[in-house]
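In what follows, a single structure is set out as structure tokens and then discussed.
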Amino acid sequence: MTANVHDEETTTALQVACDTAVSGCVFTMRTEENDRERLLEITRDHVAEQHGKDYTLEEIEEQHVETVDVSTDGHDH
Ligand SMILES: [Zn+2]
């Protein structure tokens, strides 16, 4: 008999919300933690194209990226 242990996994995701930088913008994006670079680049391009502002990847990371826990059972907190 095989015991199939089902752990409830919690993964960490990265989330950026343009709303924190530009009032009224609804751009948000969430990626897996190991996709940090892509998240930063897409956000930088968005801000440059939509708002005409130049942020460095470091500025975006420090000021606008949040780390969020994502439970795989799909519940919100
Ligand atoms: Zn925006």
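Residue numbers (numbering that gives the first Met the number 0): 0 to 76. C-beta: ideal position from N, C-alpha, C; glycine also.
Judged by DSSP secondary structure, residue 46 falls within the alpha helix (DSSP H) whose first and last residues are 35–50. Counted as a single uninterrupted DSSP element, the alpha helix (DSSP H) harbouring residue 58 occupies residues 56–63. With fewer than 16 neighbouring CB atoms inside 10 Å of its own CB, residue 27 falls in the exposed class.
With fewer than 16 neighbouring CB atoms inside 10 Å of its own CB, residue 25 falls in the exposed class.
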